[in-house]
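In the numbering used here, the protein residues as written are 5 to 548.
The C-beta atom is built at its ideal place from N, Cα and C for all residues, glycine as well.
The structure displayed is predicted, hence computed values, not measured ones.
Structure below.
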């Protein structure tokens, strides 16, 4: 004889049945029923007709199971099914409520899971446990039928839950895509001149509503908010998802909420890019330094938490400041507040070909007094303008090879349409003392638009420094792919320029300098390199 793995269990149903033992107004039908036991269909029908009187576990939503089935897994099956769908559709913790007639309600936290497969495996394991129990050779065929009748609603619910989960996932994905697209559409408005937060939000909301209508979600609620100072647009969409009959008995409707934030970068004219992605303080202001550029955008590509740093009494006042990582300094140091986690800006000049470098035209050239005229060429071992010299640079390219461009003392250096290319060992620049400097970049040729151009393959140790308070006009772009730009003059730098842009590995301002980056491009015929200044392509980043 095969021993039964489970003790006798009782199934109660109202009514009278032949061959059954009466207890009150219920019939007790034991698992080992004698011949002539009631037909399983009658028992199941009676159970449905008198659910209120069943002495068993009532799963929330109306699913009824007898207490005796708890041991063989059916009660757990019911709860797992509800838990699976609830946990899939909400981040909030859920609580299962089990009501036992004549006893107090029991609350139990459902285990959290984000894995639909885990829940289904649990479901089928419980089902298998019930079915395997019924395979005992001593069981009557009627008991198997009864088990199937009890399991059938659960199996139908499982199928319904799978179908509803697919519908829910589709709705959630569709709504998120709408929110993303709407936020991006709104943020792109910041790339246009004079766009404000209200305009960006209105565009985003309109875009969302039109797309929701076309995709079959006309009842969804939309909220959009634009903040012009940070060039961001936030879009929130809420929708009440109605499941099928199978799942609606557990929870209906199910609220779906999605969110998207888009940030525009590059809407202002790009005037500064710090290209070092790994350094701390790729763009760094300290002391009483100021960087002013009302129509300019500044970017730090550093992913460091302090990739942009403005400390002590320093002030950064530009149209937009954006850092790929984070920033250091108080809110008083920035106007407006910087935007963090921006996508790094690619170097717009990385493909710019350098000028040809020929043999030396001059070696260790120096002018220290009187008027002097200089011509384009290759200046080896440095070029110096010092003391009281008054130097005029003729238009063209000046190659500074294996030495320093040094303008110092009380000298004066002027030139229209001039560009300086630095190559070789020790090639760097210093403008110091009280030197008066007035330069504008070439309008054509290999250095068109570039006032200062460092070769790409340098060791990264070059310093290009301005300490003179009289370097007031520097028209064009300063491009230092490996070098460090340092301004620590006690006064304004570049404030008389029509426009000035800086692309450098690292940029540092200190002392009492006020670096002014104007953006009056229409006042100069010096071309602006593609990717900088007006017409530079703006970008929009998205986060959820």
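Specify, as a first and last residue, the run of the alpha helix (DSSP H) that residue i falls within.
i, result
"residue 195", "Unbroken run through residue 195: none, as it is neither H nor E."
Consider the C-beta atom of residue i and the heavy atoms of the ligand SAH; say whether any pair is separated by less than 8 angstroms.
i, result
"residue 487", "Although the ligand SAH was asked about, the structure shown includes no ligands whatsoever."
Between which two residues does the beta strand (DSSP E) carrying residue i extend?
i, result
"residue 426", "422-427"
"residue 265", "258-269"
"residue 298", "294-304"
"residue 366", "366-371"
"residue 432", "432-435"
"residue 518", "518-520"
"residue 341", "No beta strand (DSSP E) contains residue 341, which DSSP labels as neither H nor E."
"residue 532", "Segment: none, residue 532 is in no beta strand (DSSP E) and carries neither H nor E."
"residue 381", "381-389"
"residue 377", "375-378"
On the premise that residue j lies in contact with residue i, defined as a C-beta separation below 8 angstroms, what is that separation, rounded to the nearest angstrom?
i, j, result
"residue 318", "residue 284", "Rounded, the Cβ-Cβ distance is 16 angstroms, inconsistent with contact."
"residue 1", "residue 239", "What is shown of the chain runs 5 to 548, which leaves residue 1 out entirely."
"residue 327", "residue 312", "4 angstroms"
"residue 286", "residue 488", "No, residue 286 and residue 488 are not in contact; Cβ-Cβ is about 10 angstroms, not under 8 angstroms."
"residue 189", "residue 208", "6 angstroms"
"residue 536", "residue 352", "6 angstroms"
"residue 275", "residue 523", "7 angstroms"
"residue 341", "residue 322", "In fact, because the Cβ distance is near 12 angstroms, the residues do not count as touching under 8 angstroms."
"residue 185", "residue 211", "7 angstroms"
"residue 419", "residue 386", "About 17 angstroms separates the two Cβ atoms, so there is no contact after all."
"residue 266", "residue 191", "4 angstroms"
"residue 180", "residue 231", "No, residue 180 and residue 231 are not in contact; Cβ-Cβ is about 21 angstroms, not under 8 angstroms."
Looking at the strands, I want to know which residues DSSP matches up with residue i.
i, result
"residue 273", "300"
"residue 546", "266"
"residue 416", "394 and 440"
"residue 285", "Residue 285 pairs with nothing; no bridge assigned."
"residue 322", "297"
"residue 408", "432"
"residue 332", "313"
"residue 402", "381 and 424"
"residue 242", "225 and 261"
"residue 523", "503"
"residue 327", "304"
"residue 278", "304 and 508"
Give the list of continuous beta strand (DSSP E) stretches no shorter than 3 residues that lie fully inside the stretch 163-238.
225-231
At 3 residues or longer, and completely inside the stretch 444-512: list those beta strand (DSSP E) runs for me, N to C.
454-458, 467-470 and 475-491
Contact between the stretch 352-362 and the stretch 387-407 (3+ Cβ pairs under 8 angstroms)
yes
Decide if the stretch 364-372 is in contact with the stretch 343-350; the criterion is three or more beta carbon pairs, one per stretch, under 8 angstroms apart.
Segments in contact, no.
Taking 8 angstroms as the threshold, find out whether the stretch 288-302 comes into contact with the stretch 216-226 through three or more Cβ pairs.
The stretch 288-302 vs the stretch 216-226: no contact.
Are three or more beta carbon pairs between the stretch 427-439 and the stretch 329-347 nearer than 8 angstroms?
no
For the structure I just gave you, are there three or more beta carbon pairs, one from the stretch 450-463 and one from the stretch 410-430, closer than 8 angstroms?
yes
Do the stretch 468-479 and the stretch 439-453 make contact, defined as three or more Cβ pairs closer than 8 angstroms?
yes
Could you say if the stretch 494-507 and the stretch 227-238 meet the contact criterion of at least three C-beta pairs nearer than 8 angstroms?
no
The stretch 373-387 contacting the stretch 459-473, beta-carbon criterion three pairs below 8 angstroms:
no
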